[in-house]
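Add 390 to a position in the sequence shown, counting from 1, and you land on the number used in this note's numbering. Cβ coordinates follow ideal geometry from the N, Cα and C atoms, glycine included.
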Amino acid sequence: MAVSRTPHRTATELEPPMSTLDSPLPKFAMRSRRHGRERAAEARWVRPAVFALLALTALAYLWNVGASGDANSFYAAAVQAGTKSWKAFFFGSLDSSSFITTDKPPASIWLMALSGRIFGFSSWSMLVPQALEGVAAVGLLYAGIRRWYGPAAGLVAGAALALTPVAALMFRFNNPDALLIMLLVASAYCLTRALEHAGTRWIVATGALIGFAFLAKMGQAFLVVPGFGLAYLIAAPTTLRRRIGGALAGLAALVVSGGWWVAIVALLPASSRPFIDGSPDNNIFNLIFGYNGLQRLFGGGGGPAGGGGGGGGGNFSGSTGTLRLFNDLMGAQASWLLPAALVALAGGLWLTRRAPRTDRTRAALIAWGGWLLVTAAVFSYSQGVIHTYYTVALAPAIAALVAIGASLVWQRRDSVRAHAITGAVVIATGVWSYVLLDRASGWQPWLRVVVLAATAVALAALAASARPGPLARRSGLVAIIAALIVAFTGPAAYAVQTLTSTHAGSIPSAGPTVAGTAGGPGGLARGVGRFGGRARGSFNPPVGAGGAPPAGAGAASTGPALFGGPGAGGTANAALGRPSGGPGGGLAGGGFGGGGGGTASVSSALVRALEADEAAYRWVAATSGSSTAAAYELASNGAPVMALGGFNGNGGDLSLARFIAYVRAGEVHYFIASTTSAITTWVEQHFSAETIGGVTVYDLHR
């Protein structure tokens, strides 16, 4: 039997090669030096790239941010009230005398009102914090993805979030969604750190941030919890007992962070706090579990408030079902890269099916995939109000999954299977972008041609790069550039159109008008002239007398769209004029039956009347509906107005007897009727009507 022998090697042959300095170096030292050079080379381009990403995001989100004026006047009035009264600040009251809250917790109002207290209340002081929250969300997403997948993947994720059209809308608007998304992305970053070493402090921070996000938009913050919790319980590098303990610690932090404000409101006597809007029985838990909870999922209740409300979700986002996120109303908001994200999620889970329990890629896919799937399912099948701009909650998860998928493909770039998957994703993304662009067929039609051409180039370059030869590397570079054009041309164009348009009202929408979805009652919003005399502001579309707005009835937006095209939906800023509509001559659409607003303005004569002797009264006026009250408050520099019935008649359970007591105590100056109610009837029987600036009012002290 032949025996194979290893040739004898001399000591000299066993020595490592000499360095240029003729001194022996261990192999690990040479590798360390090489890796150090690679890190230094990486640092030379990474820092400028990250700075460019954040700087461009800040420039885009802050550019002319005050053009939308009050944006959603419902929240603008609450922000203004918070700059005048700490009690209104704490509770998120609509008026500085704290008659009633908004229909959401006050966390987002706190930040905007603090800015207003420092810089004075204005469009800029209100909206700049929202824009900075968007920049922070992009930076945090980059940081979280970079930790495991490198700076290139982090940059892809950050750019994908920044260029999502609905993100470009909501990070320049005063709804609570901006703070919600920033806090949830921050919680995802903390979860990433917790999964690295099973650190208790990081999982506690994750829960605390989700809890604070609850104080921005209640139950929607909890949609990330299933994915986050499952990822930690499966993949945290510690024992099962410690994983369960860490998860319970995070849950406890969530409850404390989100529950302290709720506990204070629940324990205070009703006489010591404002009414709870959205709650017919003036109960904070009714607002949490009813108006902003089960009514969202199963319908019922009243109409929408600045993002709140009960039934009729299909009127704002289309019929329920699996394809809802892809329909004419929802699709262009955030779904441009959704097919790619779903492929990345499914493919990544398949690739990691035999990986160790603590595999980071699988953990990331569970966390971000859970965020995406749970949120998408809720938005797709909920029977209650789901507005199109809610899809901003999908944007971080889509961006993260696309970046992770790109990283996985890049690691296997020499594989034929990786080329095939990449080609399929490029085709799906290109075709879907073409479909979305084609829905607004009259708007920049050449963009569709660019997307199709880039798709063809990317496929050809992918095929060429799969063949060995000198052109493979160049073809791969061409494929990457073409794929990025396919992925980002559509959403970037829609984002630019959104950034260059003004938006107002309670149901804003990103991008140009899609044929067959715009118009209807409330499509035109007009504002109250403030901030230098320019008429601005936003009033929610009337949904009382005429029912809910039809599909696609959106908030007004206008301005120079991409390359000079018209903005969507009408005119956001209108000249001052006489108010129209409403019984009693009040603002159109205001009242117990709905959010009110529509075409509305406040005359200078009425503003002077409201501001006269303002300090002598707790409320300068009482009127029906929060939107109507908000309009008067914004027009009169924050003079407090009592909003009877709240946004849609389900809040402010004020009895006639208590209203009479307010009047007899001299706490209310005027009554402005816009609906029929027991209070209206009593006022009409006991006081004389007069007309001020075209509006019928009753002086309750004559």
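Query	Result
Give the straight-line distance between the Cα atoms of GLN773 and PRO881, rounded to the nearest whole angstrom.	28 Å
Evaluate the contact criterion for the stretch 550-569 versus the stretch 461-470: three or more CB pairs, one atom per stretch, below 8 Å.	yes
How about the stretch 855-868 and the stretch 792-809: do they share at least three Cβ pairs that are nearer than 8 Å?	yes
Per DSSP, SER661 forms a beta bridge with which residues?	According to DSSP, SER661 bridges with nothing at all.
Take the Cβ of PRO746 as the centre, count every other Cβ of all protein chains shown within 10 Å, and call the residue buried at 16 or more, exposed below.	exposed
Determine the contact status of ALA588 and LEU727, defining contact as a CB-CB distance below 8 Å.	no
State the DSSP-derived secondary structure class of VAL839, mapped to helix, strand or coil.	helix
Is it buried or exposed for SER662, if we count other Cβ within 10 angstroms and need 16 for buried?	exposed
Quickly, what does DSSP pair LEU1034 with across the bridge? List them, please.	SER1014
Whose C-alpha, out of ALA1002, ASN1040, SER1017, ALA1055, is nearest the C-alpha of ALA1029?	ALA1002
Going by C-alpha to C-alpha distance, which of LEU889, ASN676, LEU599 sits closest to ALA521?	LEU889
Kindly give me the distance between the Cβ atoms of ARG829 and ASP718, rounded to whole angstroms, as I take these residues to be in contact under 8 Å.	6 Å
Could you check what DSSP says for SER413 in three-state terms: helix, strand or coil?	Bear in mind that the predicted position of SER413 carries a pLDDT of just 44, short of 50, making it unreliable; the figure below should be weighed with that in mind. Correct three-state label for SER413: coil.
Check for me: the alpha helix (DSSP H) holding THR748 runs from which residue to which?	Careful: THR748 lies outside any alpha helix (DSSP H) and carries neither H nor E.
When the Cα of ARG1054 is compared with those of SER707, ALA526, TYR1007, which residue comes out closest?	TYR1007
State yes or no: is the C-beta of SER483 within less than 8 Å of the C-beta of PRO670?	no
Taking the beta strand (DSSP E) that GLU1080 belongs to, which residues open and close that run?	1079-1082
Please state the DSSP three-state secondary structure of GLY529.	helix
For VAL847, which of THR903, ILE817, THR1081, ILE508 has the nearest alpha-carbon?	ILE817
Would DSSP call TRP376 helix, strand or coil?	Residue 376 cannot be examined here, being either before or after the span of the chain that is shown, 391 to 1092.
Keeping to the same chain, check which residues put their C-beta closer than 6 Å to that of ALA503; ignore five residues upstream and five downstream.	VAL469, GLY472, THR473, PHE479
For TRP650, count neighbouring C-beta atoms within 10 Å of its own C-beta (all shown protein chains included) and say buried if the count is 16 or more, exposed if not.	exposed
If I measure Cβ to Cβ from VAL904 and keep anything under 6 Å in the same chain, skipping five residues before and after, which residues do I get?	ASP718, ARG829, ALA830
Relative to the alpha-carbon of ALA869, which residue among GLN887, PRO860, ALA850, LEU861 has its alpha-carbon at the smallest distance?	ALA850
In chain order, what residues of the same chain have a beta carbon less than 8 Å from the beta carbon of SER475, not counting five sequence neighbours either side?	SER483, SER486, SER487, SER488
Taking ALA584 and TYR539 to be in contact with their CB atoms under 8 Å, please state how far apart those CB atoms are, rounded to whole angstroms.	No, ALA584 and TYR539 are not in contact; Cβ-Cβ is about 17 Å, not under 8 Å.
Note down the Cα distance separating THR712 from THR778, rounded to an integer number of angstroms.	15 Å
For TRP833 and chain C, any beta-carbon pair shorter than 8 Å?	Judged by its chain identifiers, the structure shown contains no chain C, having just a single protein chain.
Ends of the beta strand (DSSP E) at ASP1089?	1085-1089
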